[in-house]
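Undergrad: This is the structure, below, for whatever I ask next.
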Amino acid sequence: MNPHAKLIISLSLITGTTITISSNHWIMAWTGLEINTLAIIPLISKSHHPRAIEASIKYFLTQSAASALILFSSMINAWSTGQWDITQLNNPVSCLMMTMAIAIKLGLAPFHFWFPEVLQGSSLTTALLLSTLMKLPPTILLLLTSQSLNPSLLTLLAISSAVLGGWMGLNQTQTRKILAFSSISHLGWMIVIIIYNPKLTLLTFIIYTTLTSAVFLSLNQSKILKLSTMLISWTKTPMLNATLMLTLLSLAGLPPLTGFMPKWLIIQELTKQEMTPTATIITLLSLLGLFFYLRLAYHSTITLPPNTSNHMKLWYTNKTPNTSTAILTTLSTLLLPLSPLIITMT
Amino acid sequence: MTYFVIFLGVSFILGALAVASNPSPYYGVVGLVLASVVGCGWLMSLGVSFISLALFMIYLGGMLVVFVYSVSLAADPYPEAWGDWGVMGYGLGLVLVVVLGVVWGEAIDFWEVGVVTVDGGGVSLVRLDFSGVAVLYSYGVGLFLVAGWGLLLVLFVVLELVRGLSRGAIRAV
Amino acid sequence: MLKIILPTAMLLPMALLSPPKTMWMNTTTYSLLIALISLQWLTPSYYPSKNLTLWTGIDQISTPLLALSCWFLPLMILASQGHLQHEPHTRKRTFISALIIIQPFIMLAFSATELILFYIAFEATLIPTLILITRWGNQPERLSAGIYLLFYTLISSLPLLIAILFLHSKTGTLHLPILKLTPPNPTTQWSNLVSNLALLVAFMVKAPLYGLHLWLPKAHVEAPIAGSMLLAALLLKLGGYGIMRITLLMGPSSSHLCYPFLTLALWGALMTSSICLRQTDLKSLIAYSSVSHMGLVIAASMIQTHWSFSGAMILMISHGLTSSMLFCLANTNYERTHSRILILTRGLQPLLPLMSTWWLLANMTNMALPPTTNLMAELTIMVSLFNWSFPTIILTGTATLLTASYTLYMLLSTQRGTLPTHITSTPNSNTREHLLMTLHIIPLLALILKPELISGTPL
Chain V
1 MNPHAKLIIS
11 LSLITGTTIT
21 ISSNHWIMAW
31 TGLEINTLAI
41 IPLISKSHHP
51 RAIEASIKYF
61 LTQSAASALI
71 LFSSMINAWS
81 TGQWDITQLN
91 NPVSCLMMTM
101 AIAIKLGLAP
111 FHFWFPEVLQ
121 GSSLTTALLL
131 STLMKLPPTI
141 LLLLTSQSLN
151 PSLLTLLAIS
161 SAVLGGWMGL
171 NQTQTRKILA
181 FSSISHLGWM
191 IVIIIYNPKL
201 TLLTFIIYTT
211 LTSAVFLSLN
221 QSKILKLSTM
231 LISWTKTPML
241 NATLMLTLLS
251 LAGLPPLTGF
261 MPKWLIIQEL
271 TKQEMTPTAT
281 IITLLSLLGL
291 FFYLRLAYHS
301 TITLPPNTSN
311 HMKLWYTNKT
321 PNTSTAILTT
331 LSTLLLPLSP
341 LIITMT
Chain X
1 MTYFVIFLGV
11 SFILGALAVA
21 SNPSPYYGVV
31 GLVLASVVGC
41 GWLMSLGVSF
51 ISLALFMIYL
61 GGMLVVFVYS
71 VSLAADPYPE
81 AWGDWGVMGY
91 GLGLVLVVVL
101 GVVWGEAIDF
111 WEVGVVTVDG
121 GGVSLVRLDF
131 SGVAVLYSYG
141 VGLFLVAGWG
151 LLLVLFVVLE
161 LVRGLSRGAI
171 RAV
Chain A
1 MLKIILPTAM
11 LLPMALLSPP
21 KTMWMNTTTY
31 SLLIALISLQ
41 WLTPSYYPSK
51 NLTLWTGIDQ
61 ISTPLLALSC
71 WFLPLMILAS
81 QGHLQHEPHT
91 RKRTFISALI
101 IIQPFIMLAF
111 SATELILFYI
121 AFEATLIPTL
131 ILITRWGNQP
141 ERLSAGIYLL
151 FYTLISSLPL
161 LIAILFLHSK
171 TGTLHLPILK
181 LTPPNPTTQW
191 SNLVSNLALL
201 VAFMVKAPLY
211 GLHLWLPKAH
221 VEAPIAGSML
231 LAALLLKLGG
241 YGIMRITLLM
251 GPSSSHLCYP
261 FLTLALWGAL
271 MTSSICLRQT
281 DLKSLIAYSS
291 VSHMGLVIAA
301 SMIQTHWSFS
311 GAMILMISHG
321 LTSSMLFCLA
331 NTNYERTHSR
341 ILILTRGLQP
351 LLPLMSTWWL
361 LANMTNMALP
371 PTTNLMAELT
381 IMVSLFNWSF
391 PTIILTGTAT
401 LLTASYTLYM
411 LLSTQRGTLP
421 THITSTPNSN
431 TREHLLMTLH
441 IIPLLALILK
451 PELISGTPL
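Next comes the structure, spelled out in C-alpha cells:
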C-alpha cells in the first residue's frame, strides 16, 4: 500500500476512534464511527484477493447499516427528549435499537455472522485492528449509555455470545476464525457486567486487547493462518511458540495467568448482584472456549515430537523478533499479581 | 407558520405520490424534485436544518444521477404521464393508503397513545433555523470540519480501492 | 513461610543458569537443602497456626503436607534423570523448570489462609501439570489425557470459584480462621445445599472420588515419571486437604450431604480394588490403587471426627510416599523393557535382585503390613467409620482384603515366575534409582516411630 495513503488511513482510524470516544453528542459519535469504518476498508482489501474484497464489502455493509441504526435511534431519542447527549438515552425504543445497533457493530451473538468471515478475509494485522481498535468505539458508546440499557436483553446477548463463540470455534481450523469466535465469547463477558460495573467492562476490554494482540502478533511472526501451519511452526520460532501457548491459556482464563483476572472480578460482581446462576452459566460456557484454546496450545508447542521435524522446511526469512510481542506476552501472562493496582487504575 | 408547515407537508406527500404512482422517469423526477424541496423545508421547520440541507443535497444530487442513468438506459418512445390509466390506478391506490393512514393516525391521536415530542406543542413560531447557512458556519463549525474530513476520506478510500488499472482492488476480483 | 517459598522460587534461575554439567546436581542439592529446612515446620506448637502471616499460615493439617511437598521436589528431579538423558540440554532445563514452577504454587495452596489465594494456587498447579503430561508423555494418547485432566478439574472447580465468591458476598470475608468463627449464613436450605456441593465437588474430583476419577488413570498412564509422582504424592493430597478444610467450614446442615460422598467413596474403594485385580497395565494398576486409598481418605474426612481426621492425614502422607515409590519402581521397569504391560515385564527378580527388595518393601507398605504408618492410618479410619456406622466394616474390610490381594498380584507378577523370552538383556539398576527408593522408604519407616508428626488434628 502507498505509504501516503497508509498515513491518511491510520490517521483517520485514530481520529475516528478519538472522536467517538470523546464525544458528547450523538452526531459526533456517529461521524467518528463512520470515519472509522471508511478508514479500515482499504486495510481489509489490501491484499486484493477476492476473499479480501468480499470481506471489505461485508464489513462495509454491516457497519454502515449499524451506523444508520445508531443515527436513527439517537434521532428518535432527540425527538422525544430534545437533546443529543449520549449519556441521556432515555427513550426505551431508541435504547433497544441502540443496543441492537451496537451489537451488530461489535459482532455480539445473534448479529455475529459477519465477524469471522471478515476476519478470515483480512490479514493478521488487520484482523488484530478489527478485533481490538474497531471494537473500542462501540464499547465506549455502550459504556456511556450503560445506565439506561435493558439488563435482561444484555444478559441474553452476553450468554448467547458466550455460547456461540465457544461452540462455533470448536470445529474451526483457521486461526483467524478461531480468534474471531474467541473475540465473540470475550465480548459476552464484557457485556454481561456492563450494567452493574462499567469499569470492569473497560478492564476486561483492556486485558482482552493485550492478550489478543499478543496472540495475533505471535501468529504474525511466522504467518500462521491454519492449524497445520502452526503444527510445524515451532522449527522457526521455538521460544515464541512456547510463550504463545501460555498466552493462549491466559486467553482461556486459567489462573494464575492474566486472563483469569477479568473473569474473577466479573464473577465476583455478578454474585454480589445476586446473579449467581448467570455467573455459573457464563463461567461453564467459557470451558467451551477453553477446548479450542487448548487445541491451539497443543498445536503450538505441546505436540512437538521429541525428534527433529521431517516435514518440508517452510520459507523462513530471518525476521528480527518484535519487541512489542515480547512486552505484550509478558503482560498477558504475569499480570495477575498486579490486579489490585490495575483495578484502581481503571 | 402552522399553515406554512402544513402546506409543506401536504406538498411533500403529493410529491411522493407523484413519484410513487410510477410514471415514466421523465415525469417522476419532477415529483422527486418537488418532494425533496418541500421535504427540506419541512424538516427545517422542525428544527433540523443541517439534516434538511444534507437531505436536499444528497437526494437531489443522487436521485438526479439515478434519473439520468435510468433514462439513458431505458429510453421509452412513449413515456407514461399522470394522465394514463396505469399511472392513475397506482396513484389512486396510493391515495387510498394515505387516507387510511391519516384516518388511523387520527384514531391513535384520539385514544392519546401517539408519540409526544418536544415540538408537540405546535409549530406556530418562526424558527431560528430559517436564518440559514450562517448558523452552520458559526455554531456548527467543528462538526462541519469533521464532516469535511469524512468526505475527503471517502474520496481517498474510493481512490485507493479503484487505483491501478488491472491491479486495483475492485478490478482484481 | 517466605524463607522457604523464596528459595524455592530462586530454584528457577538456578535451573536456567547452571552450566549443563552441574545442572542436575545443583538443582537436586538445592532442593534437598530446602526440604531439610522445611523440616523445622514440624516442631510442635500449642498455637493453632504457626508462622502466621497476613495470607499464609500453617497448622496441624498443612504442616505434614508442606514438608511432604518440599521432600518430593528433589525426588522428582532424581527420578526424571533416566528418561531425559537422551534429550537435548535445553529441554532438560525446561523440564526441570516446569517441575520447579509447580512447587511454590503447591506450597501456597497448602499454606494459604485466604480462600481465593488457595483457589488460585490450587488452579495454578494445573498448567505445569498439563505441560508435564502432554509435552513429556510418551504416547499420542497423552493429549486426550491432558484434555481429561483439564476439563474434569475445571468443570468442577469453576463452581468452586463461584461458591467461594458467593460465600464472600454473604459473609464478607474469606479468611479461614475468621470464617470458622462466623455463624452459618442465614440463606435458604436450597442455596446452602448447592453452595456446599459446589465447594466440595472440586476437591472430590481432585482427590478423586470414585465416579469422578476417570481422568486420573489416564493422566497417570500417560505422564512421565515426575508427573506421576507429582499427581500421586501431591496433587491428590490437595484434594484431600481441600475436603478437610471445607468440611470444617460447613455447618451441621451438610450432614445429609455427606451420605452420597461417603457411599461413593467406600463403594469406590471396593470397586477400584476389584478393578486392580484385573488390570494389565502396571501404571494403571497403581493409579487405581491410589483411587481406592483416596476413597478411604474422603470417607474419613467426611465424617469429621478427630480420629477420622488424623487417620486421613496419616493415610495421605503414607499413601503419597508409597504410591510415588510404586510409580518409581514401575518406571525403572519401563525404562528397561519399554512396556507397562504386566505380562511382558514379569519375573524380573533374577535380573534385578536388589530392585525386587524395593518392590517387596513398597508392596508391603501398600498393603499396610504392621510396622508402617499405612496400617495405623487404615486402622484409625476403619475404627472411626465403624463407630459412625456398623455396616461400613463390610466395605472397608473387603477393601482391605482386596488391597492385599491386588498388591500381592502386582508383586508376584512383576517379580516371580519365569522371565519372558523377549527380555534378553537389561541394564543394571543404578545407584540413582536405589537412592530414589531409599529416600522414599526411609520416611515411611521412620514415621512410625513418631506418628504424631503427621497425625495432626486441626484445632
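Protein chains in written order, with UniProt numbering: chain V, 1 to 346; chain X, 1 to 173; chain A, 1 to 459.
Yeah, the Cβ is synthetic: ideal placement off N, Cα and C, and Gly gets one too.
Three Cβ pairs or more, each shorter than 8 Å: is that satisfied between the stretch 32-47 of chain X and the stretch 4-13 of chain X?
TA: Taking 8 Å as the limit for Cβ pairs, the verdict is that the stretch 4-13 of chain X does touch the stretch 32-47 of chain X.
Undergrad: Less than 8 Å between the CB atoms is what I'm expecting for Thr210 of chain V and Ser332 of chain V, so what's the real figure, rounded?
TA: Within the first sequence, residue 210 of chain V is the residue found at index 210, counting from 1. Within the first sequence, residue 332 of chain V is the residue found at index 332, counting from 1. Indeed, because the Cβ distance is near 5 Å, the residues count as touching under 8 Å.
Undergrad: Taking DSSP as the reference, what is the three-state secondary structure of Ile423 of chain A?
TA: Working through the third sequence from its first residue, we reach residue 423 of chain A at position 423. Of the three classes helix, strand and coil, the one that applies to Ile423 of chain A here is coil, per DSSP.
Undergrad: Grouping DSSP H, G and I as helix and E and B as strand, with all else coil, what is residue 499 of chain A?
TA: With chain A running from 1 to 459 in the structure shown, residue 499 of chain A is simply not present.
Undergrad: In angstroms, rounded to a whole number, what distance separates the CA positions of Thr407 of chain A and Leu246 of chain V?
TA: Start at 1 with the first residue of the third sequence, and residue 407 of chain A comes out as number 407. Start at 1 with the first residue of the first sequence, and residue 246 of chain V comes out as number 246. Between Thr407 of chain A and Leu246 of chain V, the C-alpha separation is close to 41 Å.
Undergrad: From Pro371 of chain A to Leu445 of chain A, what distance separates their C-alpha atoms?
TA: As a working mapping, residue 371 of chain A is identified with position 371 in the third sequence. As a working mapping, residue 445 of chain A is identified with position 445 in the third sequence. If you take the alpha carbons of Pro371 of chain A and Leu445 of chain A, they lie about 7 Å apart.
Undergrad: Among V:Thr175, V:Glu274, V:Ile70, whose alpha-carbon lies nearest the alpha-carbon of Ser191 of chain A?
TA: Looking up residue 191 of chain A in the third sequence gives position 191. Comparing Cα positions, the closest option is V:Glu274.
Undergrad: Determine the extent of the alpha helix (DSSP H) in which Gln415 of chain A is found, giving its start and end residues.
TA: Walking along the third sequence from the start, residue 415 of chain A turns up at place 415. Where Gln415 of chain A is concerned, the enclosing alpha helix (DSSP H) stretches over 392-415.
Undergrad: Taking the alpha-carbon positions, what's the Gln88 of chain V to Phe205 of chain V distance?
TA: On the first sequence, residue 88 of chain V is found 88 positions in, with the first residue counted as 1. On the first sequence, residue 205 of chain V is found 205 positions in, with the first residue counted as 1. Using only the alpha carbons, I get a separation of about 23 Å.
Undergrad: So what's Val118 of chain X in DSSP terms, helix, strand or just coil?
TA: For the purposes of this step, residue 118 of chain X is identified with residue 118 of the second sequence, where counting begins at 1. No answer about Val118 of chain X holds up, because its pLDDT of 47 lies below 50 and its placement is not dependable.
Undergrad: Taking the CB atoms as reference points, tell me whether Ile155 of chain A and Phe203 of chain A lie closer together than 8 Å.
TA: Position 155 of the third sequence, counted from the start, is the residue given in the question as residue 155 of chain A. Position 203 of the third sequence, counted from the start, is the residue given in the question as residue 203 of chain A. Contact: no.
Undergrad: For the alpha helix (DSSP H) that His83 of chain A lies in, which residues bound it at each end?
TA: Walking along the third sequence from the start, residue 83 of chain A turns up at place 83. 63-84 is the span of the alpha helix (DSSP H), which, as asked, contains His83 of chain A.
Undergrad: Between Gly146 of chain A and Tyr210 of chain A, is the Cβ-Cβ spacing less than 8 Å?
TA: Against the third sequence, residue 146 of chain A aligns to sequence position 146. Against the third sequence, residue 210 of chain A aligns to sequence position 210. No. Outside cutoff.
Undergrad: Distance, Cα to Cα, Leu143 of chain V vs Leu149 of chain V?
TA: The residue given as residue 143 of chain V occupies position 143 in the first sequence. The residue given as residue 149 of chain V occupies position 149 in the first sequence. Roughly 10 Å between the two C-alpha positions.
Undergrad: Residues in the stretch 23-45 of chain V with C-beta within 7 Å of chain X's C-beta atoms, listed in sequence order?
TA: Taking 7 Å as the Cβ-Cβ cut-off against chain X, the residues of the stretch 23-45 of chain V that qualify are Ile27, Met28, Thr31, Glu34, Ile35, Leu38, Ala39, Ile41, Pro42, Ser45.
Undergrad: Please tell me whether Ala35 of chain A and Leu73 of chain A are closer than 8 Å, where the distance is taken between their beta carbons.
TA: For the purposes of this step, residue 35 of chain A is taken as the residue at position 35 of the third sequence. For the purposes of this step, residue 73 of chain A is taken as the residue at position 73 of the third sequence. In this structure, Leu73 of chain A lies closer than 8 Å to Ala35 of chain A by Cβ.
Undergrad: Would you mind stating whether Leu154 of chain V and Ile191 of chain V have Cβ atoms separated by less than 8 Å?
TA: Residue numbering aside, residue 154 of chain V sits at position 154 when the first sequence is read from its first letter. Residue numbering aside, residue 191 of chain V sits at position 191 when the first sequence is read from its first letter. Yes, these two residues count as a Cβ contact at 8 Å.
Undergrad: At which residue ranges does the stretch 246-312 of chain A contain complete alpha helix (DSSP H) runs of 4 or more residues, listed in the order of the chain?
TA: Segments of the alpha helix (DSSP H) lying fully in the stretch 246-312 of chain A: 258-277, 282-303.
Undergrad: Could you give the distance in angstroms between the alpha-carbon of Leu231 of chain A and the alpha-carbon of Ile243 of chain A?
TA: The count along the third sequence starts at 1 and reaches residue 231 of chain A at position 231. The count along the third sequence starts at 1 and reaches residue 243 of chain A at position 243. C-alpha separation (whole angstroms): 17 Å.
Undergrad: Comparing the C-beta of Pro256 of chain V with each C-beta of chain A, is any distance below 8 Å?
TA: The residue given as residue 256 of chain V occupies position 256 in the first sequence. Yes, its Cβ sits closer than 8 Å to a Cβ of chain A.
Undergrad: Against chain X, with Cβ distances strictly below 8 Å, would Ser12 of chain V count as a contact?
TA: Position 12 of the first sequence, counted from the start, is the residue given in the question as residue 12 of chain V. At least one chain X Cβ lies under 8 Å of Ser12 of chain V.
Undergrad: If the cut is a Cβ gap below 8 Å, which residues of chain V does Gly150 of chain X touch?
TA: Counting from one through the second sequence, the residue named residue 150 of chain X turns up at place 150. Within 8 Å Cβ-Cβ: Thr31, Glu34, Ile35, Leu38.
Undergrad: For Leu126 of chain A, decide whether its Cβ has a neighbour in chain V, counting only Cβ atoms nearer than 8 Å.
TA: The residue given as residue 126 of chain A occupies position 126 in the third sequence. Closer than 8 Å: yes.
Undergrad: Taking C-beta pairs closer than 8 Å, name the residues in chain A that Tyr293 of chain V reaches, listed in chain order.
TA: The sequence position of residue 293 of chain V within the first sequence is 293, counting from 1. None at all; the shortest Cβ gap to chain A is about 10 Å.
Undergrad: For Phe7 of chain X, does the count of other Cβ atoms within 10 angstroms reach 16, so buried, or fall short, so exposed?
TA: Here the question's residue 7 of chain X lines up with position 7 in the second sequence. Phe7 of chain X should be labelled exposed.
Undergrad: When burial is assigned at 16 or more other CB atoms within 10 Å of the CB, is Val102 of chain X buried or exposed?
TA: For the purposes of this step, residue 102 of chain X is taken as the residue at position 102 of the second sequence. Under this definition Val102 of chain X is an exposed residue.
Undergrad: Following the continuous alpha helix (DSSP H) through Leu33 of chain V, name the residue where it begins and the one where it ends.
TA: Taking the first residue of the first sequence as 1, we reach residue 33 of chain V at position 33. It spans 26-44 - the alpha helix (DSSP H) in which Leu33 of chain V sits, taken as one unbroken run.
Undergrad: Kindly say whether Val157 of chain X, judged by its beta-carbon, lies nearer than 8 Å to any beta-carbon of chain V.
TA: Position 157 of the second sequence holds residue 157 of chain X. Val157 of chain X counts as touching chain V.
Undergrad: Are the stretch 289-300 of chain A and the stretch 423-438 of chain A touching, with three or more C-beta to C-beta distances below 8 Å?
TA: The stretch 289-300 of chain A, when compared against the stretch 423-438 of chain A, does not touch it at the 8 Å Cβ threshold.
Undergrad: State the start and end residues of the unbroken alpha helix (DSSP H) segment that holds Ile34 of chain A.
TA: Residue 34 of chain A sits at position 34 when you count from the first residue of the third sequence. Residues 23-38.
Undergrad: Report the residue from V:Ser47, V:Gly289, V:Trp84 whose alpha carbon sits nearest the alpha carbon of Leu179 of chain V.
TA: Indexing the first sequence from 1 puts residue 179 of chain V at position 179. Comparing Cα positions, the closest option is V:Gly289.
Undergrad: Here's the rule: buried if 16 or more other CB atoms are within 10 angstroms of the residue's CB, otherwise exposed. What is His186 of chain V?
TA: Translated into the one-based positions of the first sequence, residue 186 of chain V becomes position 186. Per the 10 Å Cβ criterion, buried.
Undergrad: Would you mind working out which of A:Phe118, A:Leu262, A:Met76 sits nearest Phe386 of chain A, comparing C-alpha positions?
TA: Residue numbering aside, residue 386 of chain A sits at position 386 when the third sequence is read from its first letter. Among A:Phe118, A:Leu262, A:Met76, the Cα nearest to that of Phe386 of chain A is on A:Leu262.
Undergrad: Return no unless some Cβ of chain V is closer than 8 Å to the Cβ of Ala35 of chain X.
TA: The residue you call residue 35 of chain X lines up with position 35 of the second sequence. So no, Ala35 of chain X is outside the interface.
Undergrad: Between the alpha carbons of Leu176 of chain A and Glu114 of chain A, how many angstroms are there, rounded?
TA: Within the third sequence, the letter at position 176 stands for residue 176 of chain A. Within the third sequence, the letter at position 114 stands for residue 114 of chain A. So the alpha carbons of these two residues sit roughly 6 Å apart.
Undergrad: Determine, using beta carbons only, whether Ile381 of chain A and Ser308 of chain A come nearer to each other than 8 Å.
TA: Position 381 of the third sequence, counting from 1, holds the residue named residue 381 of chain A. Position 308 of the third sequence, counting from 1, holds the residue named residue 308 of chain A. It is a contact, given that the beta carbons lie within the stated cut-off.
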